[in-house]
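Have a look at the structure below, then the notes.
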Amino acid sequence: MSTHSPAIPRPTVPPPDIVRCAYMELVVTDLQRSREFYVDLLGLAVTEEDGTTIYLRSLEEFIHHNLVLRQGPVAAAAAFSYRVRTPEDVDRAEAYYRELGCRTERRKEGFVKGVGDSVRVEDPLGFPYEFFYEVEHVERLNWRYELHGPGALVRLDHFNQVTPDVDRGRTYLENLGFRVTEDIKDSDGVTYAAWAARKSTVHDTALTGGKGPRLHHMAFSTHEKHNVLYICDKMGALRLSDRIERGPGRHGVSNAFYLYILDPDGHRIEIYTQDYYTGDPDNPTVTWDVHDNQRRDWWGNPVVPSWYTEASSVLDLDGNVVEAAEREEPSEMAVTIGADGFSYTRPGDESGSYHGEAAKGFKIGHQV
145 MSTHSPAIPR PTVPPPDIVR CAYMELVVTD LQRSREFYVD LLGLAVTEED GTTIYLRSLE
205 EFIHHNLVLR QGPVAAAAAF SYRVRTPEDV DRAEAYYREL GCRTERRKEG FVKGVGDSVR
265 VEDPLGFPYE FFYEVEHVER LNWRYELHGP GALVRLDHFN QVTPDVDRGR TYLENLGFRV
325 TEDIKDSDGV TYAAWAARKS TVHDTALTGG KGPRLHHMAF STHEKHNVLY ICDKMGALRL
385 SDRIERGPGR HGVSNAFYLY ILDPDGHRIE IYTQDYYTGD PDNPTVTWDV HDNQRRDWWG
445 NPVVPSWYTE ASSVLDLDGN VVEAAEREEP SEMAVTIGAD GFSYTRPGDE SGSYHGEAAK
505 GFKIGHQV
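Here the sequence shown is numbered in this note's numbering, starting from 145 and rising by one per residue.
Next comes the structure, spelled out in structure tokens:
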């Protein structure tokens with residue numbers, strides 16, 4: 145796969161009407177250790193489980209699960225799953241990807257428990273996408289406060305995908321009906337990352353430029369910053385601080401308070417406070433300069449190299465690891481780590497120019 149692959153065409157048939165990101169299926173190599181991480185540490189609710197699979201959900205969810213952990217030989221992401229608005233949208237998804245020439249597989253009984261008629265595809269970027277409508281309802285745990293710990297995870301918020309050519313992926317997602325809410329560019333027009341939404345938040349998925357296709361992370365929301373801080377304290381008390389990769393901190397992009405942690409297989413999980421409303425049809429895209437140190441961390445804290453280089457493999461529909469291709473365009477890591485010497489905190493101190501809304505606010509609120 146080349147970063148200069150031909151553009152992905154827009155099919156003549158309409159895309160499915162996607163409501164939101166709904167669940168991720170992860171393959172893990174030690175189911176018990178993964179259970180300890182996601183249930184005992186993070187407090188996700190077990191909907192059901194057996195000797196090979198655990199179905200988990202966040203506290204405000206009413207569908208069967210937000211996360212499937214499946215025992216397997218190689219740790220990887222098996223499905224990025226989206227709920228669509230009607231049963232007919234599953235038909236539309238199948239027709240849409242068939243016209244794109246993508247491999248599809250349809251199962252009326254669903255691929256996992258709790259989900260009915262579904263179609264899985266190997267999408268043009270190499271990711272395993274799934275679309276479904278039919279689902280088993282379960283108890284929504286909003287009012288079960290005896291189950292709410294101080295680090296309560298309330299919703300699945302988003303996925304983040306690593307792909308070599310972000311512009312190509314952006315066009316594909318926009319054709320699929322996503323709105324790009326924020327992006328990171330340089331003065332030459334190179335796009336390093338883009339955030340794309342179907343629900344009225346900053347994103348349901350994001351594209352990060354790098355070796356791919358790979359899963360960068362999946363994210364669960366908490367209500368407030370203290371929920372994130374409690375998870376840090378709990379991990380420290382359990383001598384799991386080595387599994388804290390990055391944060392806690394405040395993102396410039398999305399404005400959310402964040403923490404990145406690694407599960408026993410190295411799958412990256414973000415704990416994320418709610419961001420901001422983006423549901424108006426004329427919601428403006430916020431563009432950040434790749435040289436702005438505050439785009440990734442509002443406080444200017446450095447990003448560890450592993451955050452740019454490490455990610456989870458993804459599987460094709462046969463369960464084989466998809467080969468990842470290197471990014472040929474400039475790397476955001478080089479800017480972030482400072483290898484080019486041109487990163488900045490205060491606009492005006494850099495070699496390039498900043499053209500994002502956040503910089504305007506910075507100049508107004510922080511005169512120097």
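Just so it is clear, CB atoms sit at the ideal spot from N, CA and C, and this is done for glycine as well.
| Item | Value |
| --- | --- |
| For residue 287, three-class secondary structure by DSSP | coil |
| Nearest-angstrom Cα separation, counted from residue 242 out to residue 364 | 32 Å |
| Spatially closest choice to residue 433 from 218, 335 and 155, by CA coordinates | 335 |
| Contacts around residue 400, its chain only, beta-carbon distance under 6 Å, and the 5 residues preceding and following it disregarded | 416, 417 and 419 |
| Three-state secondary structure assigned by DSSP to residue 165 | strand |
| Pairwise C-alpha distance: residue 402 and residue 186 | 15 Å |
| Option in 282, 227 and 390 with minimal Cα separation from residue 254 | 227 |
| For residue 194 and residue 214, the rounded distance between their alpha carbons | 10 Å |
| Spatial distance of residue 426 from residue 346 (CA atoms) | 14 Å |
| Cβ separation of residue 212 and residue 273, assumed to be a contact under 8 Å, to the nearest whole Å | 15 Å between Cβ atoms; not a contact. |
| Start and end residues, alpha helix (DSSP H) containing residue 311 | 310-319 |
| Limits of the alpha helix (DSSP H) - the one that residue 233 falls within | 231-243 |
| Alpha-carbon spacing of residue 204 relative to residue 326, whole angstroms | 26 Å |
| For residue 304: DSSP bridge partner residues | 350 and 361 |
| Option in 471, 457 and 445 with minimal Cα separation from residue 488 | 445 |
| The stretch 259-271 in contact with the stretch 459-467 per 3-pair CB rule at 8 Å | yes |
| Three-state class that DSSP yields for residue 328 in the structure shown | strand |
| Local Cβ density within 10 Å of residue 483, reported as buried at 16 or more and exposed below that | Confidence in residue 483 is poor, its pLDDT being 46 and thus under 50, which makes the residue's placement unreliable; the coordinate value appears in the next sentence. Burial call: exposed. |
| Bridge partner(s) assigned by DSSP for residue 211 | 168 and 200 |
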